[in-house]
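Take the sequence shown: its position 250, counting from 1, is numbered 250 in full-length UniProt numbering, and each next residue is one higher.
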Amino acid sequence: MAVWDDLVGQDRVVEQLTAAARDADAYVTAAASGASGDEGSRAGTPESPGPSGPSGLSGSAMTHAWLFTGPPGSGLATAARAFAAALQCVSPDRALGGAPGCGFCDGCHTALIGTHADVEVVRTNQLSIGADVTRDLVRRTQLSPSGGRWQVVLLEEIDRLTESAANVLLKAVEEPAPRTVWLLCAPSADDVLPTIRSRCRHLVLRTPPVDAVADMLIRRDGIEPDVAVAAARTTQGHIDRARRLATDARARTRRAAVLALPTRMEDIGDALRAAQQLVDAAGEDAKEAVEEVDARETEEMRAALGASEGGRLPRGTAGVMKDLEKRQKSRATRAQRDSLDLALLDLTAFYRDVLVRQLGSQVAIANEDVRDAVERIAASTRPEQTLRRMEAVLECRRAIERNVAPLLAVEAMAVALRAG
Ligand SMILES: [Zn+2]
Numbered sequence: 001m002a003v004w005d006d007l008v009g010q011d012r013v014v015e016q017l018t019a020a021a022r023d024a025d026a027y028v029t030a031a032a033s034g035a036s037g038d039e040g041s042r043a044g045t046p047e048s049p050g051p052s053g054p055s056g057l058s059g060s061a062m063t064h065a066w067l068f069t070g071p072p073g074s075g076l077a078t079a080a081r082a083f084a085a086a087l088q089c090v091s092p093d094r095a096l097g098g099a100p101g102c103g104f105c106d107g108c109h110t111a112l113i114g115t116h117a118d119v120e121v122v123r124t125n126q127l128s129i130g131a132d133v134t135r136d137l138v139r140r141t142q143l144s145p146s147g148g149r150w151q152v153v154l155l156e157e158i159d160r161l162t163e164s165a166a167n168v169l170l171k172a173v174e175e176p177a178p179r180t181v182w183l184l185c186a187p188s189a190d191d192v193l194p195t196i197r198s199r200c201r202h203l204v205l206r207t208p209p210v211d212a213v214a215d216m217l218i219r220r221d222g223i224e225p226d227v228a229v230a231a232a233r234t235t236q237g238h239i240d241r242a243r244r245l246a247t248d249a250r251a252r253t254r255r256a257a258v259l260a261l262p263t264r265m266e267d268i269g270d271a272l273r274a275a276q277q278l279v280d281a282a283g284e285d286a287k288e289a290v291e292e293v294d295a296r297e298t299e300e301m302r303a304a305l306g307a308s309e310g311g312r313l314p315r316g317t318a319g320v321m322k323d324l325e326k327r328q329k330s331r332a333t334r335a336q337r338d339s340l341d342l343a344l345l346d347l348t349a350f351y352r353d354v355l356v357r358q359l360g361s362q363v364a365i366a367n368e369d370v371r372d373a374v375e376r377i378a379a380s381t382r383p384e385q386t387l388r389r390m391e392a393v394l395e396c397r398r399a400i401e402r403n404v405a406p407l408l409a410v411e412a413m414a415v416a417l418r419a420g
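As structure tokens, this is what we get:
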């Protein structure tokens, strides 16, 4: 199994990354054998890609900073992680002309499971990433990679960098350490400072085809074919959501709660109760998601601070615990918003299906399992109403992103949906 196997429907991106990993490997090999200098002080050998510029990589398929963009669920982090693994691949097959990224060797394996010493993955579950965290990362990239290959830093959501953090990152990608590789992910190029963007090689992932997602759920996760196909179709090529819907009962509950909204519009009390149920479902979902990790984190921190058996913390450590609590709270808020946002995406997909029916389009509807409700609403309302309702859902997502209390935002949406 090669490192790219979890990427679905991204052949062009895989091609480019494979070429980059090959050149990166040739560069490391040449440097290790002394055929060329690591710092770009000597001319490169003909078969090695560099060093010629300050980075030592000019003219190569490899470079120091990469930007991965693509729609949510297209596999940005999966692509970046696979590339990180390929850069650390130490398979003996490489010497026989095999591309790096075997998926089996120690380098590939540890990079993929997240224990490689030279691969740092920043997966935020906070609302934003601050300058201090970013500065720590940059400091880390100044160290030589312990494995002698590349120091890889993967930031899964650079759209969550604060402005000052983005400026710290900009300096780092402008003057990268010789063996550092930055892998940056964001939903779209617009979410990234133009100055950072221009320093990166940009890869664009596409929404994977529904068939390819279903195939992956069957092949990799062992999901029953009919369940896999339904989940892939419902989530419209969003890999993570498809997998969750196919494997997680809570995801199915939340989806049922949100799809009850359009069908419970008769009386306003009913609509508001549906809103409350949706927010509760998202809250439950979020709570379960963070509870375990919070408890473990708190315990580890207490142990690290030397809490006594009876639970008393040493003097002067209260601030650290407060800080931890603050981070955990921010994570819980984020988890609830994310869960709610996923539910609202389901609602958008529902109204898109309504619109498809109203416009007599030949496109297949996504929500086969609620086809009756789709048909009924399509027949009893007009396309303009459907468009206004989709706008109301979007407005609700925006409001939640702006920090409006979730229940208020969802209630306002329920009222707007009802007004149609
Ligand atoms: Zn390998």
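Ideal Cβ positions, reconstructed from N, Cα and C, are used throughout, including at glycine. Please read these numbers as outputs of a predicted model, since none were measured by experiment.
- In the assembly as shown, R371 is an exposed residue. Its beta-carbon has fewer than 16 other beta-carbons within 10 Å.
- Going by beta carbons, D285 and R250 fall inside the 8 Å limit.
- Q88 is a Cβ neighbour of H116, given a cutoff of 8 Å.
- Taking a contact to require three or more Cβ pairs closer than 8 Å, the stretch 72-85 and the stretch 1-21 qualify as touching.
- When the five nearest sequence neighbours on each side are left out, the beta carbons in the same chain lying within less than 6 Å of the beta carbon of D346 are those of R255 and V258, in order along the chain.
- In this structure, the straight-line span from the alpha carbon of D93 to that of T18 is close to 15 Å.
- Put simply, the backbone Cα of G98 is about 41 Å away from that of D132.
- Taking each of V320, A419 and L408 in turn and checking the Cα distance to L387, the smallest one comes out for A419.
- In this structure the stretch 103-117 does not touch the stretch 233-253; the number of beta carbon pairs closer than 8 Å is below three.
- Across the set D159, E157, T253 and R140, the C-alpha of R140 shows the shortest separation from the C-alpha of Q151.
- Given a length threshold of 4 residues, each whole run of the alpha helix (DSSP H) inside the stretch 228-278 is given here in chain order: 239-247 and 249-260.
- The stretch 143-162 makes contact with the stretch 174-194, as at least three CB pairs between them are under 8 Å.
- Comparing alpha carbon positions, the residue from S380, T348 and A379 closest to T234 is T348.
- Counting C-beta atoms within 10 angstroms of its own C-beta, E300 has fewer than 16 neighbours from the protein chains shown and is therefore classed as exposed.
- A straight line joining the alpha-carbon of V374 with that of C396 spans about 21 Å.
- Going by beta carbons, A378 and R357 fall inside the 8 Å limit.
- A check of alpha carbon separations from A282 across T253, A307, T263 and E266 identifies T253 as the nearest.
- In the DSSP annotation of this structure, the continuous segment of the alpha helix (DSSP H) that includes E401 starts and ends at P383 to E401.
- At a cut-off of 7 Å, the beta-carbon of F350 does not count as near ligand 1: no heavy atom of the ligand is closer than that.
- Annotation: the stretch 67-150 contains the following complete segments of the beta strand (DSSP E) (minimum length 3 residues), in chain order: 119-122.
- In the DSSP secondary-structure assignment, H202 is bridged to L67.
- If you draw a 10 Å sphere on the C-beta of D323, you find fewer than 16 other C-beta atoms in it, and that means exposed.
- By the criterion of a C-beta distance shorter than 7 Å, N367 is surrounded in its chain by T234, A349, F350, D353 and V374, once the five residues flanking it on both sides are discounted.
- Ligand 1 has a heavy atom closer than 7 Å to the beta-carbon of F104.
- At least 8 Å separates the beta-carbon of L203 from that of W4.
- By the neighbour-count criterion, in which 16 or more other beta carbons inside 10 Å mark a residue as buried, D280 falls on the exposed side.
- Beta-bridge annotation (DSSP): L154 is paired with V121 and L183.
- Linking M216 to V229 through their CA atoms gives a straight-line distance of about 10 Å.
- Cβ contact annotation for G107 (same chain, cutoff 6 Å, sequence separation greater than five): Q88, C89 and V90, in chain order.
- Around the beta-carbon of P262, 16 or more other beta-carbon atoms lie within 10 Å, marking it buried.
- One alpha carbon belongs to G70, the other to T207, and they sit about 7 Å apart.
- Here G237 is buried: its Cβ has 16 or more other Cβ atoms, across all protein chains shown, within 10 Å.
- Scanning its chain for C-beta atoms nearer than 7 Å, with the 5 sequence neighbours on each side dropped, one finds around S146 the residues A117 and D118, in chain order.
- Here L161 carries a strand assignment [DSSP, helix/strand/coil].
- Annotated as proximal: P406 and L340, with beta-carbon spacing under 8 Å.
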